[in-house]
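Engineer: Residue numbers (our numbering), protein chains in the order written: chain F, 1 to 222; chain L, 1001 to 1222; chain E, 2001 to 2222.
The following block contains the structure, expressed as structure tokens.
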């Protein structure tokens, strides 16, 4: 990730910090954890998606293990969430925005890096989504929740759209900072629209809203 | 996997499709998911075991990321399960058969590939089982269920037997398409026998059927 | 791991056996499992942390897949736990001690190996902890429990301290068998102190003991 344009790098680092903060905060709310658990879950949320991608494309050690700023920002976000966990409840708006930035940038970078390493279009799309949602999915699994990506409002779809735009841009030779930012902006817009309108992707026929209007799974009881 | 005999390749692709279908259907039944979640869980079920195996033996990128047919069949199976989820309940018999085919072929291919990459007998046996049961185990963990392989009727044992026959055949120089099909057939037969007779492997002494006659874990309550 | 000093190798193998035994025993208590499930969870507990570390640093195939003694000891520990699961309840003291030995040695070896493979200090600390707690975390996730490392008494912190001492010793050129044993001994002492005094790391402000005096999460209900 060291050769990224400065703006994309800045957004990538912002996303890492936002995921660390948001991931740790989610963990604090869901289960009783000590400081190590909270910071660890923040780091896993922030770094998990990129690590899975790098393992699968053969970029070892993972990029986030090579540049110390990723570790520092992920841990810093987690620590901040631990210290200010009571007050962060009021900051839900900004945190959702930061989280959407992370999702958007991670999806674009993930798809782009997969193509750089010679993978095909299908895997590049999948790895774009995995980079965006992988960390949060590991966190949710560890704390016993059905992963958000599987049950909540539009989350994987905007990441998939961003990965798709990125792949098309690279294949047609127009990829660059503007295209990357454009793809991320589209993802961000869909995601925020989903948050505000509480939109959901289609559900299986005959198992619609009447079965579970809140869109929540059994794990939410806890 | 590109150098496999055509029949083994056909079975491998059949197993991938069956796992995609079956994995997605299991997910649809267990939790409220949208189309992205269902297809994603189908793909994870179909591709997960092979991906773990390839990461551990150093075959990067994973074979299923290189040949687009695996992605297409896994996603197609998942999509089919989403669209026809109500009607697939009636097709439980055929789905169980397809799932057993996938388990059998994956166990043979997993053990064989591990030996090809220079691993020892113990790891080859383990990776045969992991290839067969890994994807379903990740899916179950993500949706909050105790993995089937840990609690239900004979599932890991037939895979272990198939991996064992494969390893013996390779070590004695008689491995080829007939041996591979024979190993898969034995696995298939044990698995189907287990399904029909509801057999289970031995449980710890003093914690037998009276404690939990259904063989189900706490997660089944949900 | 083949070039370790004999004493460190002996401790490493002891830790593997202890983790196999302890991991399988934890699984037997938590859910109804057959012999395959118990042994599999023992092996996952014993080998999981080292496998994740080796995948992330690019040591493929993982060290525990190359030296058959790791597989044999992990499986043997799991099998022993299965056979004697009723009587092992009385052996909780010795098992806790063996588990602490495993944690200590794994943390030292994990941090040391990460530095050997050229990783920085932050990742080396993280991988020391992951080597120590990774296997148990996968096991807990598979059986539907919040991982011990996230909720119980001091577990990750002693591993982090041992990894820290190891990193400092290597950076200052004084690393060797005495330093490795010293780092492991400090980890062991903190861990056993935590067990006896039921100490916990700090929790988030305002969510202290009154909220959940037992330090247990929702998963403990099962």
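Virtual Cβ for every residue (Gly too), placed ideally from N, Cα, C.
Treat the numbers as computed from the prediction; the structure is a model and nothing was measured.
(1) Classify residue 2032/E: buried if its beta carbon has 16 or more other beta carbons within 10 angstroms, exposed otherwise.
(2) At which residues does the alpha helix (DSSP H) containing residue 2069/E begin and terminate?
(3) By Cβ distance below 6 Å, which residues in the same chain neighbour residue 2022/E in space, the five residues on each side in sequence not counted?
(4) Is the distance from the Cβ of residue 1167/L to the Cβ of residue 1121/L below 8 Å?
(5) Between 2147/E, 2132/E, 2148/E, which has its C-alpha nearest residue 2184/E's C-alpha?
(6) Hey, out of 2125/E, 2192/E, 2196/E, 2112/E, whose CA is closest to residue 2174/E's CA?
(7) Please identify, using Cβ separations under 7 Å, the residues of the region 2155–2187 of chain E that lie next to chain F, in order along the chain.
(8) List, from N- to C-terminal side, the beta strand (DSSP E) runs of 3 residues or more that fit wholly inside the region 34–60 of chain F.
(9) Please report whether the beta-carbon of residue 1058/L lies at a distance below 8 Å from any beta-carbon of chain E.
(10) Using a beta-carbon distance cut-off of less than 8 Å, what residues from the region 2126–2147 of chain E approach chain L?
(11) I need the DSSP call for residue 2172/E, collapsed to helix, strand or coil.
(12) Can you look up residue 1029/L in the DSSP assignment and give me helix, strand or coil?
(13) Looking at chain F, which residues of the region 2112–2124 of chain E have a Cβ within less than 7 Å of any of its Cβ atoms?
(14) Give, in chain order, every residue of the region 2027–2041 of chain E whose Cβ lies closer than 9 Å to some Cβ of chain L.
(15) According to the neighbour-count rule (16 or more other Cβ atoms, all chains shown, within 10 Å of its Cβ), is residue 2086/E buried or exposed?
(16) Drop a sphere of 10 angstroms on the beta-carbon of residue 10/F, count the other beta-carbons inside from all chains shown, and report buried for 16 or more, exposed for fewer.
(17) Near residue 44/F, what residues of its chain come up, given a Cβ to Cβ distance below 8 Å and the 5 sequence neighbours on each side ignored?
(18) Where do the ends of the alpha helix (DSSP H) carrying residue 2178/E lie?
(19) Check residue 145/F in the structure and name its three-state DSSP category.
(20) Buried or exposed: where does residue 2005/E fall if 16 or more other Cβ atoms within 10 Å of its Cβ makes it buried?
(21) Along chain E, which residues have their Cβ under 9 Å away from the Cβ of residue 1191/L?
(22) Count the other CB atoms, across all protein chains shown, that sit within 10 Å of the CB of residue 1178/L; report buried if there are 16 or more and exposed otherwise.
(23) Beta-carbon of residue 2019/E versus every beta-carbon of chain L: anything under 8 Å?
(24) Span of the alpha helix (DSSP H) holding residue 94/F?
(25) Using a cut-off of 9 Å between C-beta atoms, extract the partners of residue 2195/E located in chain F.
(26) Compare the C-beta of residue 1103/L against all C-beta atoms of chain E and say whether one is closer than 8 Å.
(27) Is there a Cβ of chain E sitting closer than 8 Å to that of residue 71/F, yes or no?
(28) Go through its chain and collect everything with a Cβ distance to residue 38/F's Cβ below 7 Å, but skip five positions before and after it.
(29) So residue 105/F and residue 164/F are supposed to be a Cβ contact under 8 Å. How far apart are they, rounded?
(30) For residue 2055/E, return the contacting residues in chain L, with the cut-off set at a CB-CB distance below 9 Å.
(31) Rounding to the nearest angstrom, what Cα-Cα distance links residue 2057/E and residue 1198/L in this structure?
(32) In the structure shown, what three-state DSSP assignment does residue 2005/E receive?
(33) Note down the Cα distance separating residue 1103/L from residue 172/F, rounded to an integer number of angstroms.
(34) Go through its chain and collect everything with a Cβ distance to residue 2223/E's Cβ below 8 Å, but skip five positions before and after it.
Structural biologist: In short:
(1) By the neighbour-count rule (16 or more Cβ atoms within 10 Å), residue 2032/E is buried.
(2) 2068–2083
(3) 2095, 2099
(4) yes
(5) 2132/E
(6) 2112/E
(7) 2156, 2157
(8) none
(9) Nearest CB-CB separation between residue 1058/L and chain E: below the 8 Å threshold.
(10) 2141, 2142, 2143, 2144
(11) coil
(12) helix
(13) 2119, 2120, 2122, 2123
(14) So the close ones are 2027, 2028, 2030, 2031, 2032, 2033, 2034, 2035, 2036, 2037, 2038, 2040, 2041.
(15) Using a 10 angstroms sphere on the CB of residue 2086/E, the tally of other CB atoms stays under 16, which defines it as exposed.
(16) exposed
(17) By the criterion of a C-beta distance shorter than 8 Å, residue 44/F is surrounded in its chain by 23, 135, 138, 139, 142, once the five residues flanking it on both sides are discounted.
(18) Residue 2178/E -> alpha helix (DSSP H) spans 2177–2197.
(19) coil
(20) Counting Cβ neighbours within 10 Å, residue 2005/E comes out exposed, since fewer than 16 surround it.
(21) In chain order: nothing, as chain E lies at least about 13 Å away.
(22) exposed
(23) So no, residue 2019/E is outside the interface.
(24) 92–116
(25) Within chain F, no residue comes near residue 2195/E; the closest Cβ sits about 15 Å away, beyond 9 Å.
(26) no
(27) yes
(28) When the five nearest sequence neighbours on each side are left out, the beta carbons in the same chain lying within less than 7 Å of the beta carbon of residue 38/F are those of 24, 27, 28, 78, 81, 82, in order along the chain.
(29) That pair is no contact at about 15 Å.
(30) 1055, 1056
(31) Inter-residue distance for residue 2057/E and residue 1198/L is about 43 Å (C-alpha atoms, whole angstroms).
(32) Correct three-state label for residue 2005/E: coil.
(33) 40 Å
(34) Residue 2223/E falls outside the range modelled here, since chain E spans only 2001 to 2222, and no answer is possible.
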